[in-house]
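What follows is a short report on a single structure.
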(Lines of atoms letter the chains of each structure in order from A; the text may use other names.)
(Lines give C-alpha, C1' and ligand atoms only; values in the text may rest on other atoms or scores of the structure.)
Protein backbone atom coordinates (compact mmCIF):
# COMPACT_ATOMS: atom_id res chain seq x y z
CA UNK A 7 0.00 0.00 0.00
CA UNK A 8 1.12 3.56 -0.62
CA UNK A 9 2.18 5.87 2.18
CA UNK A 10 -0.83 8.16 1.70
CA UNK A 11 -3.35 5.31 2.00
CA UNK A 12 -4.58 3.90 5.28
CA UNK A 13 -6.22 0.79 6.71
CA UNK A 14 -8.17 0.82 10.02
CA UNK A 15 -9.79 -2.05 11.87
CA UNK A 16 -13.45 -1.46 12.79
CA UNK A 17 -14.69 -2.71 16.17
CA UNK A 18 -18.47 -2.43 16.41
CA UNK A 19 -21.12 -4.87 17.60
CA UNK A 20 -21.75 -6.02 14.04
CA UNK A 21 -18.04 -6.44 13.24
CA UNK A 22 -17.57 -8.49 16.43
CA UNK A 23 -20.42 -10.80 15.34
CA UNK A 24 -18.80 -11.14 11.92
CA UNK A 25 -15.53 -12.28 13.54
CA UNK A 26 -17.33 -15.51 14.49
CA UNK A 27 -17.93 -16.12 10.76
CA UNK A 28 -14.24 -15.43 10.00
CA UNK A 29 -15.06 -12.02 8.50
CA UNK A 30 -13.08 -8.87 9.28
CA UNK A 31 -14.25 -5.28 8.84
CA UNK A 32 -11.77 -2.60 7.77
CA UNK A 33 -11.92 1.06 6.82
CA UNK A 34 -9.62 1.75 3.90
CA UNK A 35 -8.81 4.71 1.71
CA UNK A 36 -11.56 5.42 -0.83
CA UNK A 37 -9.02 5.15 -3.67
CA UNK A 38 -8.10 1.55 -2.77
CA UNK A 39 -9.43 -1.28 -4.89
CA UNK A 40 -10.60 -4.69 -3.78
CA UNK A 41 -7.78 -6.40 -5.66
CA UNK A 42 -5.06 -4.28 -4.04
CA UNK A 43 -6.51 -4.80 -0.55
CA UNK A 44 -6.86 -8.55 -1.13
CA UNK A 45 -3.27 -8.90 -2.34
CA UNK A 46 -1.94 -6.76 0.51
CA UNK A 47 -3.81 -8.72 3.20
CA UNK A 48 -2.77 -12.08 1.76
CA UNK A 49 0.90 -11.04 1.66
CA UNK A 50 1.05 -9.20 4.98
CA UNK A 51 -0.95 -11.66 7.15
CA UNK A 52 -0.21 -14.85 5.15
CA UNK A 53 -3.90 -15.81 4.85
CA UNK A 54 -6.28 -16.79 2.01
CA UNK A 55 -9.11 -14.35 1.19
CA UNK A 56 -12.33 -15.82 -0.22
CA UNK A 57 -14.34 -12.64 -0.78
CA UNK A 58 -14.36 -8.90 -0.21
CA UNK A 59 -17.53 -6.83 0.05
CA UNK A 60 -17.27 -3.05 0.12
CA UNK A 61 -19.47 0.00 0.45
CA UNK A 62 -19.12 3.71 1.03
CA UNK A 63 -21.00 5.10 4.02
CA UNK A 64 -22.99 8.32 3.50
CA UNK A 65 -20.94 11.51 3.56
CA UNK A 66 -21.03 13.59 6.74
CA UNK A 67 -20.92 17.35 6.54
CA UNK A 68 -19.82 19.68 9.30
CA UNK A 69 -20.18 23.42 9.72
CA UNK A 70 -17.27 25.36 11.15
CA UNK A 71 -17.56 29.17 11.36
CA UNK A 72 -19.84 29.61 8.38
CA UNK A 73 -17.70 27.29 6.23
CA UNK A 74 -19.09 23.96 5.11
CA UNK A 75 -16.45 21.26 5.20
CA UNK A 76 -16.58 17.59 4.33
CA UNK A 77 -15.01 14.85 6.36
CA UNK A 78 -12.55 12.51 4.72
CA UNK A 79 -14.20 9.78 2.67
CA UNK A 80 -13.39 6.15 3.22
CA UNK A 81 -14.58 2.78 2.03
CA UNK A 82 -15.58 0.03 4.44
CA UNK A 83 -14.61 -3.51 3.42
CA UNK A 84 -15.75 -6.81 4.88
CA UNK A 85 -13.13 -9.46 4.20
CA UNK A 86 -13.99 -13.17 4.37
CA UNK A 87 -11.13 -15.60 5.00
CA UNK A 88 -10.95 -19.31 4.26
CA UNK A 89 -11.72 -21.58 7.23
CA UNK A 90 -8.63 -22.27 9.30
CA UNK A 91 -7.09 -18.82 8.67
CA UNK A 92 -7.31 -15.83 10.99
CA UNK A 93 -5.81 -12.38 11.45
CA UNK A 94 -4.34 -11.68 14.90
CA UNK A 95 -6.21 -8.59 16.07
CA UNK A 96 -5.59 -8.02 19.74
CA UNK A 97 -3.13 -9.42 22.23
CA UNK A 98 -4.91 -11.69 24.70
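In this note's numbering, the protein residues as written are 7 to 98. Where a beta carbon is used, it is the ideal one built from N, C-alpha and C, also for glycine.
### Contact belief for residue 33 with residue 80 at Cβ below 8 Å, rounded distance in angstroms
One-based indexing of the chain shown puts residue 33 at position 27. One-based indexing of the chain shown puts residue 80 at position 74. Contact flag correct, Cβ pair sits at about 5 Å.
### Task
Taking 8 Å as the threshold, find out whether the segment 12 to 26 comes into contact with the segment 53 to 64 through three or more Cβ pairs.
no
### Task
Select from 86, 30, 43 and 41 the residue whose C-alpha is nearest the C-alpha of residue 56.
Translated into the one-based positions of the chain shown, residue 56 becomes position 50. It is 86 whose Cα lies nearest to the Cα of residue 56.
### Task
Label residue 97 either buried or exposed according to how many other C-beta atoms from any shown protein chain fall within 10 Å of its C-beta, with 16 as the threshold for buried.
Walking along the chain shown from the start, residue 97 turns up at place 91. Per-residue confidence for residue 97 stands at a pLDDT of 41, beneath the threshold of 50, marking its modelled position as unreliable; no derived number is given.
### DSSP three-state assignment for residue 40, whether helix, strand or coil
The residue you call residue 40 lines up with position 34 of the chain shown. Helix, per DSSP.
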